[in-house]
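In our numbering, the protein residues as written are 141 to 246. The beta carbon of each residue, even a glycine, is placed where N, CA and C say it ideally should be. In what follows, a single structure is set out as structure tokens and then discussed.
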Amino acid sequence: MNVRSEIGVGLGHLARWGLRTVFRRNASQLPGRIALTVDPDIISRLAKKLQKGSIVVCGTNGKTTTNNIIASAIEAGGQRVLCNRAGANMAPGVVAALLPGSGADW
Numbered sequence: 141m142n143v144r145s146e147i148g149v150g151l152g153h154l155a156r157w158g159l160r161t162v163f164r165r166n167a168s169q170l171p172g173r174i175a176l177t178v179d180p181d182i183i184s185r186l187a188k189k190l191q192k193g194s195i196v197v198c199g200t201n202g203k204t205t206t207n208n209i210i211a212s213a214i215e216a217g218g219q220r221v222l223c224n225r226a227g228a229n230m231a232p233g234v235v236a237a238l239l240p241g242s243g244a245d246w
């Protein structure tokens, strides 16, 4: 990752910590929005850290439920999963889900 990505990840982690620890809020959007502002290509850089790849769920209805079922099944198989269980499926939500991603299989 380049310097912009590292700064974006750092600021995203800081925002996540602040939202969860200080304000006791869900951190499903803002950390990703901040990281994307610093580095618009951060999704591709963070996704490369996933060891086995990624699974994308698309559709009109039922994405969050399907996503959570798939993640639970993979976790039951003993693999590590990064999953946006809150259903924030736009770019900031995807980045927020990828931020804690070191060492995840999927």
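Item: Residue environment, R160, which counts as buried when at least 16 other CB atoms sit within 10 Å; Value: exposed
Item: Contact under 7 Å by Cβ, R173 with P240; Value: no
Item: Exposure of P180, with buried meaning 16 or more beta-carbon neighbours within 10 Å; Value: exposed
Item: Residue from N201, R225, T200, G202 with nearest C-alpha to S212; Value: R225
Item: Buried or exposed by the 16-neighbour rule on C-beta atoms within 10 Å, applied to I209; Value: exposed
Item: Neighbourhood of C223 by C-beta distance below 6 Å, restricted to the same chain and skipping five residues each side; Value: A211
Item: Residue nearest to L176 in terms of C-alpha spacing, selected from G150, W246, T205, G193; Value: G150
Item: Close-in-space but distant-in-sequence residues of the same chain around E215 (CB under 8 Å, 5 per side omitted); Value: V221
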